[in-house]
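**Q**
Protein chains: 2
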Amino acid sequence: MKKITIGEASRQSGVKVPTIRYYESIGLLAEPNRSEGNQRSYEPSDLRRLAFIRHARELGFEVDAIRALLTLQDDPNQSCASADAIAKARLVEVEQRIRSLTALKAELETMIKGCVHGRVDECRVIEVLADHGQCTHSHH
Amino acid sequence: MKKITIGEASRQSGVKVPTIRYYESIGLLAEPNRSEGNQRSYEPSDLRRLAFIRHARELGFEVDAIRALLTLQDDPNQSCASADAIAKARLVEVEQRIRSLTALKAELETMIKGCVHGRVDECRVIEVLADHGQCTHSHH
DNA sequence: CTTGCACCTCTAGCCACTAGAGGATGTAGG
DNA sequence: CCTACATCCTCTAGTGGCTAGAGGTGCAAG
Chain A
422 MKKITIGEAS
432 RQSGVKVPTI
442 RYYESIGLLA
452 EPNRSEGNQR
462 SYEPSDLRRL
472 AFIRHARELG
482 FEVDAIRALL
492 TLQDDPNQSC
502 ASADAIAKAR
512 LVEVEQRIRS
522 LTALKAELET
532 MIKGCVHGRV
542 DECRVIEVLA
552 DHGQCTHSHH
Chain B
422 MKKITIGEAS
432 RQSGVKVPTI
442 RYYESIGLLA
452 EPNRSEGNQR
462 SYEPSDLRRL
472 AFIRHARELG
482 FEVDAIRALL
492 TLQDDPNQSC
502 ASADAIAKAR
512 LVEVEQRIRS
522 LTALKAELET
532 MIKGCVHGRV
542 DECRVIEVLA
552 DHGQCTHSHH
C-alpha cells in the first residue's frame, strides 16, 4: 500500500499538480482520500483517469466532451454510439481548422514573399493586412 | 462632416461594438472624439485601423503582435524588417499547428474507424483515449 | 411627445488553466 | 531530536480576447 501523492500522480500522468487540483474542483476527478495530515492520496485508478483526461485534452477535446466520455467509460454496458459521435464532431472541427489554417498559410507566404525589406510604406505585410481585398484566398 | 457612430464603425469594419470599446480600453485604438451627448465619433482613419486589426486577428495574430504592427504602420519610414519577422514567426506557428492537427486527424480517423458501435467496453474511441501507447502517430 | 433603438459605463463571466501568497506537513541528514 | 528543505495545503487573482448583462442616457422617427 504505497501512497500516491499528488506530486507522484503528476509525474506519472504528466498533468501538472495545480491542474489536478483544478480537475478535482470542476468534478472531472473524484475527491481522493486524504492522509492524516490532510494530503491527497491517489489510487491507481485515479492515475488511469488522469492519463485519459490528459490524452483527450491533447487531442483537443473540451472538458465537457471529456466529462461525457468519462461518464461513458464508467458504465461499460452502454452503447458507444455517443463516444463515436463526440469523436466524429471533433474530427469535423479538426478538418475545418486544417482547411482554414492552410489557406492562412498561403496568405502569410504571399505576404512574406512580397516583402523586400524596404520601408514600411511599401511593405507587403502591412499592406495586405490593411486591405483584406488583396487576399488571394477567401476563407477567413 | 457625417459622424461615424460606434454602431456604424462596427458595421463597416465587421468588429462588434463591445469589441471596439474593448480595443480602445487596451489601447489598440485611440480614444475618439465624443459628441455633445458623450457618444463616440470616429474618423475614416479609425475605420481603416479597425479593418487592419480585424484582418490581423482573423489571420491569428495576437494582440501584442498587432500592436507592434500598428506601431510600424504609424511610422512609414521605418524598415519593415520587424513586420516581416512577425509574419514569419506567425507562419512557423501556423505550419506547426497544421502538422499537429494533421496527425491528430489521422488519430481520430483510426479511432472512429475502429468503432463498431458495440458496447463501451469494447469501444476503440474510449480505448485509444485511455492508452496513449495505442497512438500510431507520435506528436502530441 | 413618446416609442424604441442605439448608445453609455461598469461589473462579471467565459475557458482551461497558471501564478503567487502564506502556511502546514513530510522526510532526510546530522 | 532538530533542522533544513521539498512538497503539500487553501485561497485569491490573473491570463487572453472577448461576451453578456444591468441600469441608465441620447437621439431620430412617427
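Heads up: the protein sequence lines correspond to chains A and B, in order. All residue numbers for the first sequence refer to the numbering used here, where the first residue is 422 and numbers rise by one. All residue numbers for the second sequence refer to the numbering used here, where the first residue is 422 and numbers rise by one. Ideal placement from N, C-alpha and C gives every residue a C-beta, glycine not left out.
Grab the span of the alpha helix (DSSP H) containing Ser434(B) for me, first residue to last.
**A** For the purposes of this step, residue 434(B) is identified with residue 13 of the second sequence, where counting begins at 1. Unbroken alpha helix (DSSP H) run through Ser434(B): Ile427 to Ser434.
**Q** Have a look at the DSSP bridge pairing and note the partners of Tyr463(A).
**A** Start at 1 with the first residue of the first sequence, and residue 463(A) comes out as number 42. In DSSP, Tyr463(A) forms a bridge with Ile425(A).
**Q** Flag Gln499(B) as yes if its beta-carbon sits less than 7 Å from any beta-carbon of chain A, otherwise no.
**A** Translated into the one-based positions of the second sequence, residue 499(B) becomes position 78. Yes, its Cβ sits closer than 7 Å to a Cβ of chain A.
**Q** Buried or exposed for Asp505(A), please, with buried defined as at least 16 other CB atoms from any protein chain shown within 10 angstroms of its CB.
**A** The residue you call residue 505(A) lines up with position 84 of the first sequence. Under this definition Asp505(A) is a buried residue.
**Q** Looking only at its chain, what residues have a beta carbon closer than 8 Å to the beta carbon of Leu468(A), apart from the 5 residues adjacent to it on each side?
**A** What you label residue 468(A) is simply residue 47 of the first sequence in a count that begins at 1. Hits under 8 Å: Ile425, Ala430, Gln433 and Ser434.
**Q** What is the DSSP secondary structure of Ser456(A), reduced to helix, strand or coil?
**A** Reading the first sequence from its first residue, position 35 is the one you call residue 456(A). For Ser456(A), the secondary structure class from DSSP, reduced to helix, strand or coil, is coil.
**Q** Within the chosen definition, does the region 539-550 of chain B reach the region 488-504 of chain A through at least 3 CB pairs nearer than 8 Å?
**A** yes
**Q** Could you tell me which uninterrupted alpha helix (DSSP H) segments, each at least 4 residues in length, are contained entirely in the region 498-528 of chain B, listed from first to last along the chain?
**A** none
**Q** Only counting the same chain, and skipping five residues up and downstream in sequence, which positions put a Cβ closer than 8 Å to that of Ser462(A)?
**A** The count along the first sequence starts at 1 and reaches residue 462(A) at position 41. Lys424, Ile425, Thr426, Pro453, Asn454, Arg455 and Ser456.
**Q** From this set, Arg518(A), Val537(A) and Asp495(A), which residue's C-alpha is nearest Leu522(B)'s C-alpha?
**A** By one-based count along the second sequence, residue 522(B) stands at place 101. Closest option to Leu522(B), Cα to Cα, is Arg518(A).
**Q** Within a Cβ cutoff of 7 Å, which residues of the same chain sit near Ala472(B), ignoring the five residues on either side of it in sequence?
**A** On the second sequence, position 51 is the one that residue 472(B) refers to. Excluding sequence neighbours, Ala472(B) sits near Ser434.
**Q** Rounding to the nearest angstrom, what Cα-Cα distance links Leu449(A) and Arg488(A) in this structure?
**A** Along the first sequence, one-based indexing puts residue 449(A) at 28. Along the first sequence, one-based indexing puts residue 488(A) at 67. CA-CA distance, Leu449(A) to Arg488(A), rounds to 6 Å.
**Q** Below 7 Å between beta carbons: does that hold for Ala486(A) and Met532(B)?
**A** Here residue 486(A) corresponds to residue number 65 of the first sequence, with the count starting at 1. Here residue 532(B) corresponds to residue number 111 of the second sequence, with the count starting at 1. For Ala486(A) and Met532(B), no; Cβs fall outside 7 Å.
**Q** Taking a contact to mean a Cβ-Cβ separation below 7 Å, would you say Ala477(A) touches Leu550(B) in this structure?
**A** Within the first sequence, residue 477(A) is the residue found at index 56, counting from 1. Within the second sequence, residue 550(B) is the residue found at index 129, counting from 1. Yes.
**Q** Mind checking who Arg540(B) pairs with in its DSSP beta bridge?
**A** The residue given as residue 540(B) occupies position 119 in the second sequence. Note: Arg540(B) sits in a beta bridge opposite Ser500(A).
**Q** Where do the N-terminal and C-terminal ends of the alpha helix (DSSP H) with Ile447(A) fall, by residue?
**A** On the first sequence, residue 447(A) is found 26 positions in, with the first residue counted as 1. Per DSSP, Ile447(A) is not a residue of any alpha helix (DSSP H), being assigned neither H nor E.
**Q** Of the residues Pro497(A), Asn459(A) and Arg442(A), which one's Cα is nearest the Cα of His538(B)?
**A** For this step, residue 538(B) is matched to residue 117 along the second sequence. Checking every option, the nearest Cα to that of His538(B) belongs to Pro497(A).
**Q** When the Cα atoms are used, what is the spatial distance from Val565(A) to Val484(A)?
**A** No answer is possible for residue 565(A): the residues shown for chain A start at 422 and end at 561.
**Q** Between Val515(B) and Lys534(A), which are expected to be in contact by the criterion C-beta below 8 Å, what is the C-beta distance as a whole number of angstroms?
**A** The sequence position of residue 515(B) within the second sequence is 94, counting from 1. The sequence position of residue 534(A) within the first sequence is 113, counting from 1. Rounded, the Cβ-Cβ distance is 15 Å, inconsistent with contact.
**Q** Considering only the beta carbon of each residue, do Val541(A) and Leu493(B) sit closer than 7 Å?
**A** For the purposes of this step, residue 541(A) is taken as the residue at position 120 of the first sequence. For the purposes of this step, residue 493(B) is taken as the residue at position 72 of the second sequence. Cβ distance < 7 Å, so Val541(A) and Leu493(B) count as in contact.
**Q** Determine the direct distance from the alpha carbon of His553(B) to that of Gly554(A), and round the result to whole angstroms.
**A** Taking the first sequence and counting its residues from 1, the one referred to as residue 554(A) is at position 133. Taking the second sequence and counting its residues from 1, the one referred to as residue 553(B) is at position 132. Roughly 45 Å separates the two Cα atoms.
**Q** Does the beta-carbon of Ile447(B) have 16 or more other beta-carbons within 10 angstroms, so that it is buried, or is it exposed?
**A** Position 26 of the second sequence, counted from the start, is the residue given in the question as residue 447(B). Ile447(B) should be labelled exposed.
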